[in-house]
Amino acid sequence: MSDVLQTLDDDTLPLRALDRALARFLHGLDPQAPPTLLLAAALLAHREGQGHSCLPLAELFDPGLPWQAEGLLPLVQAITAGGDIAALQASWSASPLLQGECSPLQLQGARLYLRRYAQCEARVAAQVLQRVAPAGGERIDAATETVTDTAAREWLDRLFPPRTDGSVDGQRAACALALRGRLTVITGGPGTGKTYTAARLLVLLQALHGSGQPLRVALAAPTGKAGARLRQSIAQALQGLKPQLGDSALLDELQRQAATARTLHRLLGARPGTRHLQHDADHPLDLDLLIVDEASMVHLEMMAALLQALPASARVVLLGDKDQLASVEAGAVLGDLCEDTPGGTGRYTALLSDSRRFQGRIGDLARAVNAGRPAQALALLQPGDAEAAWLPAADPAALLQLALHGRGAAPGYVQALAALAQRPADDAGADTFHAWVLRVLRGFDDFRVLCALREGPFGVAGLNAAIEQALLDRGVLRRRGGEWLEGRALMVTRNDPDLGLSNGDVGLVLRAPGEGGSLRAWFADGDDLRSVAVTRLAAVETAWAMTVHKSQGSEFRHVALVLPDQPTPVLTRELVYTGITRARVHCTVAGARPGVLADAVQQRTRRSSGLRQRLEEQG
Numbered sequence: 031m032s033d034v035l036q037t038l039d040d041d042t043l044p045l046r047a048l049d050r051a052l053a054r055f056l057h058g059l060d061p062q063a064p065p066t067l068l069l070a071a072a073l074l075a076h077r078e079g080q081g082h083s084c085l086p087l088a089e090l091f092d093p094g095l096p097w098q099a100e101g102l103l104p105l106v107q108a109i110t111a112g113g114d115i116a117a118l119q120a121s122w123s124a125s126p127l128l129q130g131e132c133s134p135l136q137l138q139g140a141r142l143y144l145r146r147y148a149q150c151e152a153r154v155a156a157q158v159l160q161r162v163a164p165a166g167g168e169r170i171d172a173a174t175e176t177v178t179d180t181a182a183r184e185w186l187d188r189l190f191p192p193r194t195d196g197s198v199d200g201q202r203a204a205c206a207l208a209l210r211g212r213l214t215v216i217t218g219g220p221g222t223g224k225t226y227t228a229a230r231l232l233v234l235l236q237a238l239h240g241s242g243q244p245l246r247v248a249l250a251a252p253t254g255k256a257g258a259r260l261r262q263s264i265a266q267a268l269q270g271l272k273p274q275l276g277d278s279a280l281l282d283e284l285q286r287q288a289a290t291a292r293t294l295h296r297l298l299g300a301r302p303g304t305r306h307l308q309h310d311a312d313h314p315l316d317l318d319l320l321i322v323d324e325a326s327m328v329h330l331e332m333m334a335a336l337l338q339a340l341p342a343s344a345r346v347v348l349l350g351d352k353d354q355l356a357s358v359e360a361g362a363v364l365g366d367l368c369e370d371t372p373g374g375t376g377r378y379t380a381l382l383s384d385s386r387r388f389q390g391r392i393g394d395l396a397r398a399v400n401a402g403r404p405a406q407a408l409a410l411l412q413p414g415d416a417e418a419a420w421l422p423a424a425d426p427a428a429l430l431q432l433a434l435h436g437r438g439a440a441p442g443y444v445q446a447l448a449a450l451a452q453r454p455a456d457d458a459g460a461d462t463f464h465a466w467v468l469r470v471l472r473g474f475d476d477f478r479v480l481c482a483l484r485e486g487p488f489g490v491a492g493l494n495a496a497i498e499q500a501l502l503d504r505g506v507l508r509r510r511g512g513e514w515l516e517g518r519a520l521m522v523t524r525n526d527p528d529l530g531l532s533n534g535d536v537g538l539v540l541r542a543p544g545e546g547g548s549l550r551a552w553f554a555d556g557d558d559l560r561s562v563a564v565t566r567l568a569a570v571e572t573a574w575a576m577t578v579h580k581s582q583g584s585e586f587r588h589v590a591l592v593l594p595d596q597p598t599p600v601l602t603r604e605l606v607y608t609g610i611t612r613a614r615v616h617c618t619v620a621g622a623r624p625g626v627l628a629d630a631v632q633q634r635t636r637r638s639s640g641l642r643q644r645l646e647e648q649g
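Counting the sequence shown from 1 gives a position; my numbering is that position plus 30.
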């Protein structure tokens, strides 16, 4: 290899073995490839691991980007030593690594992609533009945004009675917007009524369907927990419409279909261990309407597969909070779709801003963080405040005390798991045991420790071990041999269709009824329970503490958000906002230094993507 490629052997560069291996693999495919292209490919793979779907060449020449802080400056300088963007593109133009649709790398304008992500991004852009384009028969005038169909106006008035103060009803406007095209994005923070709006949209579209047949509807979410919450929220919202609509067959049918919410993987028929999906463009889903919740968690590849698998005539409604963390994998599709553009392609987006959940201090804190106001955020976090408190935690002992006993009325795990000690007698009957398990699981969901990091004294791994040992020492948990503790909290980390488990499902290990009952993992699904023998669980981890990423789609009465003792690239405004907004009643932010929180609030997540540009260029 050339001297330039030896840059990859620099052990100080924060590159994965995978990143280095890609560059060497590409060198094997094209030994004459420009060294700068191979180095850029290694950097591209590294950035893909951080969630970026492409590498804009302009970023390589931007001194304001944190290449130095990330330890990548020597690699960037080796790539850009040959001149400017045009010089790079010219030097790469003849390489077969960039030629044709099957080339491993693709250059779109001044953006470098791995082929898979270039193709996914192109498919998403094409699907979005196709679905937002007028298809005839629209019930809303695109120029004036007014509903032109009499039946549609009547149903909107019935579902959203006019406000006496004459103010705009954002939820009604979102439903009206959905009549305009076959793709609608409804975004807003917690408590702004996204699923409330979606339930009324279901009724509206069913009432206007006009075919004499029920609308074919599917509800889906990225994780099992988010899917269960979507199902429950939609069911409650539909039930709340009965005083307005009566016990109609329309509501009954929608409630039946809402009860089948599932994960996106199950919806598409994913097969474990492969990228193969049962449903694709050639084998589309049999649907008229798809509603996807927690859409901020949907990564680029999944969104491409989902839109491809929908019939051209079907509508899709994406619900999510654009200000939350983006997906763990590459892409930030919801954020891209919600970004306003001069071309107006964002006019399929409805923003809900009136929160019914966060009217107090937690809401003020979330808004201060989201607006990038660190001084206001710190001022709102007062030690001992009932709603939002700052806990100085210079050592893990303070965090352990908080995790066990909470603070004031904000529970810790000792209170949250109180029902564990109230186990019914083995001969109490199945109904009694079922009710007890539900009570234990719901108590567990009263509190959760959320972390920015996985490792270290303020990370998931260390806190999980410390919390579990402390609960065991206090007799809250009981050892039943090996790693399996009665009362252990666990999270599923891989989809397992054979067991009916999804990545992100959280439950507790409890002894089955009967003398000598075996240990099983129990999971709540509304008022229903699922259980699996612990001996069949192949991919789980302890879940007293979890990353903020893993908590998306969940909510808890009390959240303890644990910050590291030093700033880190993963600790951003979006992460802090997401962690805070998992709390319903109490939020405790714990950290060694308030300055770490202030730095995080000012650090935004930047995901490199070409989706917005494609929509502007093609729209």
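Backbone N, C-alpha and C define an ideal beta-carbon position, used for all residues, glycine too.
Please read all numbers here as calculations on a predicted model, not as lab measurements.
Residue i, buried or exposed, once every other Cβ within 10 Å from all chains shown has been counted against 16
i: Gln274; result: exposed
i: Cys132; result: exposed
i: Val470; result: buried
i: Phe55; result: exposed
i: Asp535; result: buried
i: Lys272; result: exposed
i: Pro86; result: buried
i: His579; result: buried
i: Val198; result: exposed
i: Ala362; result: buried
i: His313; result: exposed
i: Gly473; result: buried
i: Val358; result: exposed
i: Gly200; result: buried
i: Leu48; result: exposed
i: Arg603; result: buried
i: Glu513; result: exposed
Cβ-based neighbour list, residue i, same chain, cut-off 6 Å, excluding 5 preceding and 5 following
i: Thr371; result: Note that Thr371 has pLDDT 42, beneath the 50 cutoff, so the model's placement of it is unreliable and the number below is only indicative. Correct list, in chain order: Glu646.
i: Gln157; result: Leu337
i: Pro61; result: none
i: Arg636; result: none
i: Leu20; result: The requested residue 20 is not part of the displayed model; the chain covers only 31 to 649.
i: Arg587; result: Asp476, Arg614 and Val615
i: His309; result: Leu298, Gly299, Leu315 and Ala339
Same chain, Cβ closer than 7 Å to residue i, neighbours up to 5 away in sequence not counted
i: Arg292; result: Ala250 and Gly257
i: Ala63; result: Leu56, His57, Ser125 and Leu127
i: Leu432; result: Leu421, Gly442, Ala590, Thr618 and Ala620
i: Arg77; result: Leu85 and Ser638
Chain-order list of residues whose beta-carbon lies under 8 Å from that of residue i (same chain, five-residue window excluded)
i: Ile109; result: Thr66, Leu69, Ala70, Leu73, Leu90 and Leu118
i: Gly517; result: Leu447, Leu450, Leu501, Val506, Leu507, Arg508, Leu538, Val539 and Leu540
i: Val490; result: Cys481, Leu483, Arg484, Ala575, Met576 and Thr577
i: Arg202; result: Leu186, Leu189 and Phe190
i: Val570; result: Leu520, Met521, Val522, Thr523 and Ala551
i: Arg600; result: Contrary to the premise, residue 600 reads as Val rather than Arg in this sequence. Cβ within range, chain order: Ala482 and Leu483.
Delimiting residues of the alpha helix (DSSP H) encompassing residue i
i: Cys205; result: Gly200 to Ala208
i: Gln138; result: Counting along the chain, Gln138 falls outside any alpha helix (DSSP H), though it belongs to the beta strand (DSSP E) covering Leu135 to Gln138.
i: Ala380; result: That residue, Ala380, is in no alpha helix (DSSP H); its beta strand (DSSP E) goes Thr379 to Leu382.
i: Asp456; result: Neither: Asp456 is in no alpha helix (DSSP H) and is coded neither H nor E.
Where the beta strand (DSSP E) through residue i begins and ends
i: Thr178; result: First-last for Thr178: undefined, no H or E at that position.
i: Arg141; result: Arg141 to Leu144
i: Ala491; result: That residue, Ala491, is in no beta strand (DSSP E); its alpha helix (DSSP H) goes Val490 to Asp503.
For residue i: DSSP bridge partner residues
i: Trp552; result: Leu538 and Ser561
i: Pro422; result: Gly621
i: Cys481; result: Thr577 and Val592
i: Val359; result: This sequence places Glu at residue 359; Val is not what is there. Answer by DSSP bridge pairing: none, since Glu359 is not bridged.
i: Val662; result: The displayed coordinates of the chain run from 31 to 649. Any statement about residue 662 would go beyond what the structure contains.
i: Phe586; result: Ala613
i: Ile321; result: Leu249 and Val347
i: Glu571; result: Met521
i: Arg437; result: Ala440
i: Pro86; result: Arg141
i: Gly218; result: Leu382
Residue i at chain D interface by Cβ criterion, 8 Å
i: Gly517; result: Among the protein chains of the structure shown there is no chain D, as only one such chain exists.
Touching by the beta-carbon criterion (3+ pairs, under 8 Å), the stretch 226 to 244 and the stretch 544 to 563 = no
Using 8 Å as the threshold, is the stretch 616 to 630 in touch with the stretch 418 to 431, meaning 3 or more CB pairs across them?
-> yes
Would you call the stretch 283 to 301 and the stretch 204 to 223 in contact, with 3 or more CB pairs under 8 Å?
-> no
Do the stretch 602 to 614 and the stretch 497 to 510 touch if we need at least three Cβ pairs shorter than 8 Å?
-> no
Does the stretch 477 to 484 touch the stretch 425 to 443, meaning 3 or more C-beta pairs lie closer than 8 Å?
-> yes
If you pair each beta-carbon of the stretch 210 to 218 with each one of the stretch 344 to 355, do three or more pairs fall below 8 Å?
-> yes
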